[in-house]
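From first to last, the protein sequence lines stand for chains U and G. Numbered as in the UniProt record's numbering, the first sequence ends at 284 without a single skipped number. Numbered as in the UniProt record's numbering, the second sequence ends at 284 without a single skipped number. Note sheet for the following structure.
2 protein chains.
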Amino acid sequence: MKFVKKFRVEPGSDVHLGSIDPSFHGDYANDAEAAQELQRNLTRITELQRKLYADRTHSLLIVLQGIDSAGKDGTCWHVISAMDPQGVQVTGFKQPTPEEKEHDFLWRVHPHAPQRGYVSIFNRSHYEDVLVVRVHKLAPKEVWKPRYDFINEWEKLLTVENKTTILKFFLYISKEEQLERFKARLDDPAHQWKISASDYSEREKWDDYIKAFEAALSRCSTEHAPWFVIPANHKWFRNLAVSSIIADTLDDLNLKLPKPSVDIEEIRKLYQQAKNDEDRSKAG
Amino acid sequence: MKFVKKFRVEPGSDVHLGSIDPSFHGDYANDAEAAQELQRNLTRITELQRKLYADRTHSLLIVLQGIDSAGKDGTCWHVISAMDPQGVQVTGFKQPTPEEKEHDFLWRVHPHAPQRGYVSIFNRSHYEDVLVVRVHKLAPKEVWKPRYDFINEWEKLLTVENKTTILKFFLYISKEEQLERFKARLDDPAHQWKISASDYSEREKWDDYIKAFEAALSRCSTEHAPWFVIPANHKWFRNLAVSSIIADTLDDLNLKLPKPSVDIEEIRKLYQQAKNDEDRSKAG
């Protein structure tokens, strides 16, 4: 199944999350049925990232968004496990610091845009400034409304100037699934320290969040930086879909390993010489 | 086997790498025999890093050094695979940029010291400024000589001010093993682009590098920031030893998960209420 096509938000279209099933899992009955394809995706990502790094022409920016407990951390860990850490950087964006608040909303994200050859993963992102900010009225409408256009222009800058491929994943879980995950946290001593009452008060704003997500997905899915709505009630399907989209997208870049900068046959001579020296010194 | 004790450079002692066997592999005959213990170490690291992150009192700085092809990248990837990416940052230090050269040698590394709760991994580090700089005479002796003390003081600052635990690993391979690895690169088309003639000219400076490493290991292994000399001819043993030292060291911190900031029983009521609302809305 071509997940790129299936889950991409067509630029210019209006997203209605109500018409999307967050429990969707395609033709796969369960985890086990998807395992082989998932492993294949991860192996492809490993190889393709190696080429991306070597080629130093393109870069990749992955944006992860989703409501609390949607699986941003888990997805991040999963995808990154396939990548050589020297070429990838994860940045989590939390509540802005006092200094960050004194700047425009893109000021704190821009330094984390990937350099050529590299992958950047944003765990939350500049989209928070049209999500939580909108829902909680942390800024008036005349402030957050123009941000959709600013985002589109900024993302375009990265793709045009620096050949950055941008993939934005909205991990979509249902309100029921979130409650299940909250229950699991309650019952797991290792997670209890993370729990706060606001987890529950935020649920009262569920519909507002959905509306804010729909606006961001509709207004900011562009040809150069598409959004994908990933059904994420099943963690294994979420990982399968995300890894598949990343692998297919990197594949389309037709990345090539650079030619050796040296004459390999000349280097073989250097190797042979070193080998001879070594053998001689052992014999001596 | 307690690798911490075995491979730690005793503060104040003089390191002679010639008396250490880079092919050492303890009581393990091979990869397969070590596999179970290695997996156990990684699982322990996962759990301990979770606590480190939650606890927000300590932090961990891992420094990886070694001669070209000693396995810094591989070790990094291996160790990091056990860690939640949201709490860990890898920084590779390459040739300093023109701007970096206009500053003291610690200026570019300091910003990457780990914040509380986090792990930083340095792939190469501030030690380059007493290694390659010394070997290639990139700075005169009166410049690099005082740096050992500066390093010790700076590392002490991190441990005293910010409860940073510092583990420094020198991945020790033999000159023969390096040549084997160069050969493997020559024969692997995916690696040929990385090859340069300087790989071989650097080998002529092998003894100078060893001397520079010995000085750094002897002068900068301190109680607060010890060096470990890891026999690294066998990649599997190197991973075993490094992961074991990281796990044991984190263990000794007696990290505790913080108590929940809320009354869990009160939250259970919120959960139950949300669950009832959900059931009611389904029924209606």
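Think of the CB as a built atom: it goes at the ideal place given N, C-alpha and C, for glycine as much as any other residue.
When the alpha-carbon of Val-63 of chain G is set against those of G:Val-15, G:Ile-195, G:Ala-113, G:Arg-203, the nearest one is in G:Ala-113. Of all C-beta pairs linking the region 40 to 56 of chain U to the region 14 to 23 of chain U, fewer than three are shorter than 8 Å, placing the two stretches out of contact. Using a CB distance cut-off of 8 Å, Gly-66 of chain U does not count as an interface residue toward chain G.
Under the 10 Å beta carbon count, Pro-146 of chain G is surrounded by fewer than 16 other beta carbons and is classified as exposed.
Pairing Ala-139 of chain U with Asp-104 of chain U, the inter-Cα distance amounts to about 12 Å.
Here DSSP, grouped into helix, strand and coil, assigns Thr-222 of chain U to coil. Ranking U:Ser-174, U:Arg-238, U:Arg-40 by CA distance to the CA of Ser-19 of chain U puts U:Ser-174 first. Judged by beta-carbon spacing, Trp-193 of chain U lies beyond the 8 Å limit of Lys-183 of chain G, meaning their Cβ atoms are not closer than that value. Segment contact: the region 224 to 235 of chain U against the region 160 to 173 of chain U, three or more CB-CB distances shorter than 8 Å; contact assigned. In this structure the region 263 to 270 of chain U lies against the region 193 to 204 of chain G, because at least three pairs of beta carbons, one per stretch, are closer than 8 Å. Interface flag for Arg-203 of chain G against chain U is set, since a Cβ pair is found closer than 8 Å. Closer than 7 Å at the C-beta level to chain G, one finds no residue of the region 154 to 165 of chain U. In this structure Gln-115 of chain G is exposed. Its beta-carbon is surrounded by fewer than 16 other beta-carbon atoms within 10 angstroms. By the criterion of at least three beta-carbon pairs nearer than 8 Å, the region 121 to 128 of chain U is in contact with the region 88 to 95 of chain U. Judged by beta-carbon spacing, Phe-213 of chain U lies within the 8 Å limit of Leu-131 of chain U, meaning their Cβ atoms are closer than that value. For Asn-123 of chain G, the uninterrupted beta strand (DSSP E) run begins and ends at 119 to 123, by DSSP.
Within 10 angstroms of the beta-carbon of Thr-43 of chain U lie fewer than 16 other beta-carbons, which makes it exposed. Counted as a single uninterrupted DSSP element, the alpha helix (DSSP H) harbouring Trp-236 of chain G occupies residues 235 to 252. Rounded to the nearest whole angstrom, the C-alpha separation of Val-143 of chain G and Ala-216 of chain G is 15 Å. Its Cα nearest to that of Glu-37 of chain U, the residue U:Phe-237 stands out among U:Lys-275, U:Thr-249, U:Phe-237, U:Ala-274.
In this structure, the beta-carbon distance from His-58 of chain G to Lys-163 of chain G falls below 8 Å.
Under the Cβ distance rule, Arg-44 of chain G does not count among the residues neighbouring chain U, no pair being separated by less than 8 Å.
Across the structure, Thr-222 of chain U and Lys-72 of chain G are spaced so that their CA atoms are roughly 40 Å apart. Taking a 10 Å sphere around the C-beta of Thr-165 of chain G, we find 16 or more other C-beta atoms and assign the residue as buried. For Ser-196 of chain G, at least one C-beta of chain U is nearer than 8 Å to its own C-beta. For the 8 Å CB-CB criterion, Leu-186 of chain G and Trp-154 of chain G do not form a contact. Only exposed fits Asn-30 of chain G, as fewer than 16 other CB atoms lie within 10 angstroms of its CB. The three-state reading of DSSP puts Thr-97 of chain G in coil, since its state is none of H, G, I, E or B. Residues are counted here when their Cβ sits less than 8 Å from a Cβ of chain U; for the region 254 to 265 of chain G these are Leu-257, Pro-258, Lys-259, Pro-260, Ser-261, Val-262, Ile-264, given in chain order.
Beta-bridge partners assigned by DSSP to Trp-154 of chain U: none are found.
Here Pro-85 of chain G is near Ile-80 of chain U, since their CB atoms are less than 8 Å apart. If you check the CB distance, Val-4 of chain U and Gln-49 of chain U do not come in under 8 Å.
Thr-46 of chain U and Ala-82 of chain U have their alpha carbons spaced roughly 5 Å apart. Chain order gives no chain U residues near Ala-212 of chain G, where near means a beta carbon separation below 7 Å; the closest approach is about 21 Å.
A residue is called buried when at least 16 other Cβ atoms come within 10 angstroms of its Cβ; Glu-128 of chain G meets this threshold and is buried. In the DSSP assignment, Trp-77 of chain G falls within the unbroken alpha helix (DSSP H) covering 72 to 80.
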